[in-house]
Structure formats: structure tokens, C-alpha cells
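Taking it in order: structure first as C-alpha cells, then the write-up.
In the numbering used here, the protein residues as written are 314 to 629.
Here's what the structure looks like:
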């Protein structure tokens, strides 16, 4: 049996049919420039990002039984360990149709009637040998596994984008590293400003709360930080923003296993995500560690600034 990777994850795996058009999405219509099929999904792409950065990553969600299953083969080709994933003949990926505008923005239409989560009896012996567990919103289907992982001392990194009420609230409570899109954080907290959202999502059990806001950067609070912070975006040529958030989660987890503090984890992840949007699809431009370090040490790299409660403009 192979060594258990440092970073495990379960959640959505997707096969994406992507259409690139010559107009921004706001135009309402545009000419098709190119079509492509790619593999995606929040957790799967995050784990692929970890592997690309030189870390060890393992997918432990449901996979189909055939050895030549396309999703399984893609994970293996991406450097993600699959030996510990439970198998089921009915397992299949989420299917997504993605339209990408000329400005790099995208609209995702998805069908998530699939087996998501992981086996309820997933062994503690495997979980206990890892350091980080990445989960997405679908982890509500395997809440007991998340709770056991937290009790075993794993850092729980939550990529939560939608809510199913009390179940999602419980999942959010289990995540000591909570990374949310700012739009969902506003809905979840009912607050207006990033500072208010960060405080509303904070609890004594948290290690960090990060709110991502696309081209406007991100906002964060960490246990080892004083104050609340805004990190402006890197200025890169945007080709396709698909998977940028997933890359952020993977890079953040990788930095966490290397002992970086909150500011270091956030800066590393933001740089990785910025590089990821310079290529098409969620995987084409996943960066290496050297590429991230080069961007972080460039003269154009942004610096975090302290966030004040008076700063109510979230750019949306």
C-alpha cells in the first residue's frame, strides 16, 4: 500500500465542456472561438495543484470501479494518489458546461446528480497519517468523516460556495481554515463589509478565515495575525478564471504543510491562483513552486494592507 499523502480531499470531480466566445458574458451573446473538454471540480483541481507544486495529494472520494475510468486516469496523470479512494460502480463525475467570455469571466452550468462525499466507514488509520483535509460544500454528505478527521488533528480546509442550511453551518464550524468566495460570505453572514464578514465568521477554533474576491483580491484574518487584512490582486493577463479558486485552496494547503504563517499561506496561494488564470481551463496553467516564488519576489507583487471597518466598498 502506498504512503498516505500529506493532503487528502474529497468532493466534486467534474468533466467540463468549455466554450470560449469573442465577447464578454455581459454582451449576452458572442461567436464561439474554441471548444474544449477538460477535467475539473473544486477538490480534484485543488489536489492537482498540490501535486504540481511538489506536494503529495490524495483523492479519497467515491470513484468508479473500472481501471480505465477517465476521471481516475486523469487524477493519476495529475499526480494525485487514488489508492485510498472507495470504489462504487455508480460513481460518476459532475458534468459542467462552461462559457468563458473574452474578459476571462465564466458562467458554469452543472449537473451534480452524482455520488459525492466518501465512504461513511473511511478508515481513521488513513486519515490519521495525513496533515490536511480539503472539503467542499458536498462534504455535508460525509459529515462524520470530516468530524473524525478534525478529532484526529487534521487541519480542515473548507471550500464552501453554497448552503443547505444547518448541515452547511455544521460543516463550516468544523473548518479551522475557512476559505469562502466573498459573495457567499455576504449571504452566509448577512454583513456588508469584508471586515464585518471576517469577524462574523471568526471563532476561537479557527486558524484562518479568507474571503476571495476575484480581480479585487482577497481579505483575511488569522490566529497568528493582528488585525484584518486586504491583499490586492496580482496583475496578470487573464485568459480563463476557471479553477482559480480551486488552485488557491490547493496552494494554501501546500503552504500550510510547509509551516507558513497566515500571511505567507495567503500570499503563496494568491500568487498560484493568479498564474493559473493565464491559461485555459482549470488545469492548463497550474503553476510549479518555482513559478510561484518568482511571481512573489517580483517587483509587481502586491503587499497586504490593514483593513478598516470604514472600508465598506467591496467592489460588488
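Each residue gets a CB set at the ideal place from its N, CA and C atoms; glycine is no exception. Predicted, not measured: the structure shown is a model, and the values here were computed from it.
Three-state class that DSSP yields for residue i in the structure shown
| i | result |
| --- | --- |
| residue 450 | helix |
| residue 317 | coil |
| residue 529 | helix |
| residue 358 | helix |
| residue 626 | At residue 626, the pLDDT of 45 sits below 50, so the modelled position is not reliable and the matter cannot be decided from this model. |
| residue 484 | helix |
| residue 419 | strand |
| residue 435 | coil |
| residue 412 | strand |
| residue 328 | strand |
| residue 376 | strand |
| residue 443 | coil |
| residue 582 | helix |
| residue 371 | strand |
| residue 516 | coil |
| residue 620 | coil |
| residue 562 | helix |
| residue 353 | strand |
| residue 254 | Since the first and last residues shown for the chain are 314 and 629, residue 254 lies out of range. |
| residue 543 | strand |
| residue 500 | helix |
| residue 596 | coil |
| residue 399 | coil |
| residue 569 | helix |
Burial state of residue i, where buried means 16 or more other Cβ atoms lie within 10 Å
| i | result |
| --- | --- |
| residue 430 | buried |
| residue 483 | exposed |
| residue 510 | buried |
| residue 596 | buried |
| residue 547 | buried |
| residue 618 | exposed |
| residue 475 | exposed |
| residue 600 | buried |
| residue 352 | buried |
| residue 628 | Confidence at residue 628 is low in this model, with a pLDDT of 43, below 50, so the placement of that residue is unreliable and no value is reported for it. |
| residue 500 | exposed |
| residue 372 | buried |
| residue 606 | exposed |
| residue 477 | exposed |
| residue 616 | exposed |
| residue 581 | buried |
| residue 397 | buried |
| residue 455 | buried |
Contact under 7 Å by Cβ, residue i with residue j
| i | j | result |
| --- | --- | --- |
| residue 522 | residue 536 | no |
| residue 545 | residue 530 | yes |
| residue 346 | residue 414 | no |
| residue 380 | residue 407 | no |
| residue 323 | residue 392 | no |
| residue 359 | residue 447 | yes |
| residue 395 | residue 319 | no |
| residue 470 | residue 439 | no |
| residue 449 | residue 356 | yes |
| residue 564 | residue 585 | yes |
| residue 389 | residue 326 | no |
| residue 435 | residue 459 | no |
| residue 590 | residue 554 | yes |
| residue 492 | residue 401 | no |
| residue 343 | residue 330 | no |
| residue 362 | residue 560 | yes |
| residue 463 | residue 487 | yes |
Same chain, Cβ closer than 6 Å to residue i, five either side skipped, listed in chain order
| i | result |
| --- | --- |
| residue 422 | 410 |
| residue 432 | 399 |
| residue 538 | 575 |
| residue 405 | 427 |
| residue 441 | 465 |
Supposed contact pair residue j and residue i - C-beta distance, whole angstroms, cut 8 Å
| i | j | result |
| --- | --- | --- |
| residue 518 | residue 472 | The Cβ separation is near 18 Å, so there is no contact. |
| residue 551 | residue 592 | About 10 Å separates the two Cβ atoms, so there is no contact after all. |
| residue 502 | residue 513 | 4 Å |
| residue 443 | residue 569 | 12 Å between Cβ atoms; not a contact. |
| residue 567 | residue 366 | 5 Å |
| residue 608 | residue 542 | Actually they are not in contact, since the Cβ atoms of residue 608 and residue 542 sit about 19 Å apart, beyond 8 Å. |
Residues near residue i in its chain [Cβ-Cβ closer than 7 Å; skip 5 each side]
| i | result |
| --- | --- |
| residue 604 | 588 |
| residue 364 | 370, 391, 392, 393 |
| residue 437 | 461, 465 |
| residue 387 | 352 |
| residue 451 | 324, 325, 429, 430 |
| residue 602 | 366, 367 |
| residue 485 | 471, 473, 491 |
| residue 403 | 428 |
| residue 540 | 619 |
Cβ-based neighbour list, residue i, same chain, cut-off 8 Å, excluding 5 preceding and 5 following
| i | result |
| --- | --- |
| residue 625 | Because residue 625 carries a pLDDT of 43, less than 50, the predicted location of this residue cannot be relied on, and no value is offered for it. |
| residue 340 | 414 |
Near the ligand GTP: residue i beta-carbon under 6 Å from a heavy atom
| i | result |
| --- | --- |
| residue 548 | The ligand GTP is not part of this structure, which contains no ligands at all. |
is_contact[residue i, chain D] using C-beta, thresh 7 Å
| i | result |
| --- | --- |
| residue 574 | Of the protein chains in the structure, only one exists, and it is not chain D. |
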